[in-house]
Amino acid sequence: MLSLSPAREYMLVVTAATGLGLLASAVVFLPRSPSWYVREFFRSDWKYIGVAWLVAENLPSLAEANRVERTFTDAVYAVEGGTVAVLQSVASPPLTWTLAVVYLVAFPVLVPLTYFALKSYASDRDARRYAVSYVLVVLLAVPFFLRFPVSIPAFYPPAGVEPLVFVTPEVEAGMLATDSMLKAFPSLHTGLSVLAALYARKTTRRYALAAGGTTALIVVSTFYLGMHWLVDAAAATLIAGVAYALAHRLPPESVLPFPGYRRLVARVRD
1 MLSLSPAREY MLVVTAATGL GLLASAVVFL PRSPSWYVRE FFRSDWKYIG
51 VAWLVAENLP SLAEANRVER TFTDAVYAVE GGTVAVLQSV ASPPLTWTLA
101 VVYLVAFPVL VPLTYFALKS YASDRDARRY AVSYVLVVLL AVPFFLRFPV
151 SIPAFYPPAG VEPLVFVTPE VEAGMLATDS MLKAFPSLHT GLSVLAALYA
201 RKTTRRYALA AGGTTALIVV STFYLGMHWL VDAAAATLIA GVAYALAHRL
251 PPESVLPFPG YRRLVARVRD
């Protein structure tokens, strides 16, 4: 029997759950069969989604390699104090598990689903503009990860916050293997979710309401689970708004895929 490390088991379970969640959501919210979206992905969408994925996966990792000599967590805590700890005062196992699923699975479902919702109900151009906005959010956030590292509340003892996101040892091992927990400011979970909610307004009322509700749950989950400060969410919301505005001033075809995209893909694959 194949034996997996806890970290690999975590990645496998989250990936499978995300895939199933995306498939189920596509059936519920999108007008065409999932096979049509798969064909469209391989026909043209991979260029835009691929760039966004490469940027999101690789640029924040620069912060992991960055040697942190000091953090600015004290400054963040001085601004908001124990607000996050207050939110954990209502903690219960069912609520913790629900919000952990929202944080770990609903977020990676919402982001690509919104791309295909835009493609279905708005236009290909809006979907591509959304991909540009996604890249801009990450690009605007990375300098803060590098120059303004902030620890998550759960790893800052004065805050009195528990790492409720670690619902199992596998989740803890998987997250700690891929994240330094020093990239709290700004919150990409919040920024990219808010961005999805902004673009969802271009689709149907039904999907916009679902995306807005999911975004609200994702933001709450970041606090409740001990992963982010309120300041992180406020900054991320501002960044999402800036990225949304900038993307509407740029022709998406002139930005993505950027020159050298194929070379970057080949380098990452190697």
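Residues in the sequence shown are numbered consecutively from 1, following the UniProt record's numbering.
Note that CB positions come from ideal geometry on N, CA and C, so glycine has one too.
Residue j beta carbon less than 7 Å from that of residue i
{"i": "A141", "j": "L188", "result": "yes"}
{"i": "T214", "j": "L99", "result": "no"}
{"i": "Y199", "j": "Y130", "result": "yes"}
{"i": "V171", "j": "Y10", "result": "yes"}
{"i": "V76", "j": "V231", "result": "yes"}
{"i": "V150", "j": "T190", "result": "no"}
{"i": "A85", "j": "G160", "result": "yes"}
{"i": "G212", "j": "A234", "result": "no"}
{"i": "L217", "j": "V137", "result": "no"}
{"i": "A127", "j": "K119", "result": "yes"}
{"i": "G226", "j": "E162", "result": "yes"}
{"i": "F116", "j": "L30", "result": "yes"}
{"i": "P186", "j": "F148", "result": "no"}
{"i": "P169", "j": "P6", "result": "yes"}
Between the CA atoms of residue j and residue i - distance to the nearest angstrom
{"i": "A240", "j": "L246", "result": "10 Å"}
{"i": "H228", "j": "F155", "result": "10 Å"}
{"i": "Y207", "j": "A243", "result": "21 Å"}
{"i": "V265", "j": "S89", "result": "Note that V265 has pLDDT 42, beneath the 50 cutoff, so the model's placement of it is unreliable and the number below is only indicative. Approximately 46 Å between the Cα atoms of the pair."}
{"i": "P158", "j": "V28", "result": "44 Å"}
{"i": "L146", "j": "A26", "result": "36 Å"}
{"i": "R262", "j": "L113", "result": "Note on R262: pLDDT 48, under 50, position unreliable in the model; the coordinate value appears next. Spanning the two alpha carbons is a distance of roughly 25 Å."}
{"i": "W97", "j": "G21", "result": "16 Å"}
{"i": "A210", "j": "F223", "result": "21 Å"}
{"i": "L23", "j": "P34", "result": "7 Å"}
{"i": "Y48", "j": "V165", "result": "31 Å"}
{"i": "A16", "j": "G50", "result": "19 Å"}
{"i": "T203", "j": "R70", "result": "44 Å"}
{"i": "residue 271", "j": "A52", "result": "Within the shown structure, residues of the chain are numbered from 1 to 270, placing residue 271 beyond reach of any answer."}
{"i": "L87", "j": "V167", "result": "17 Å"}
{"i": "A236", "j": "A78", "result": "19 Å"}
{"i": "L238", "j": "V132", "result": "16 Å"}
{"i": "R39", "j": "R32", "result": "12 Å"}
{"i": "R201", "j": "F41", "result": "23 Å"}
{"i": "R8", "j": "L176", "result": "12 Å"}
{"i": "L4", "j": "A184", "result": "29 Å"}
Counterpart residues of residue i in DSSP-defined beta bridges
{"i": "V150", "result": "K183"}
Identity of the residue in the options nearest residue i by Cα
{"i": "P108", "options": "T222, T18, L230 and G226", "result": "T18"}
{"i": "R205", "options": "T222, Q88, A122 and A243", "result": "A122"}
{"i": "H248", "options": "Y134, L146 and F72", "result": "Y134"}
{"i": "T73", "options": "P153, L250, L12 and S221", "result": "P153"}
{"i": "D124", "options": "R43, S92, E80 and L176", "result": "R43"}
{"i": "S221", "options": "L95, E80, L139 and L12", "result": "L95"}
Any non-hydrogen atom of the ligand ADP closer than 6 Å to residue i Cβ
{"i": "T190", "result": "For the structure depicted, the ligand ADP is absent and the ligand set is empty, with no information on it obtainable."}
Check your understanding: Considering only residues of the stretch 76 to 132, which uninterrupted beta strand (DSSP E) runs meet the minimum length of 3 residues and lie entirely inside it, listed in chain order?
Key -> Taking 3 residues as the shortest admissible run, the stretch 76 to 132 contains no complete beta strand (DSSP E) segment at all.
**Study point:** In chain order, each beta strand (DSSP E) run of at least 3 residues that lies wholly inside the stretch 169 to 241
**Key:** Runs of the beta strand (DSSP E) spanning 3 or more residues and lying entirely within the stretch 169 to 241 do not occur at all.
**Study point:** Entirely enclosed alpha helix (DSSP H) segments - the stretch 12 to 41, minimum 4 residues
**Key:** Those alpha helix (DSSP H) runs which fall completely within the stretch 12 to 41 and span 4+ residues are 34 to 40.
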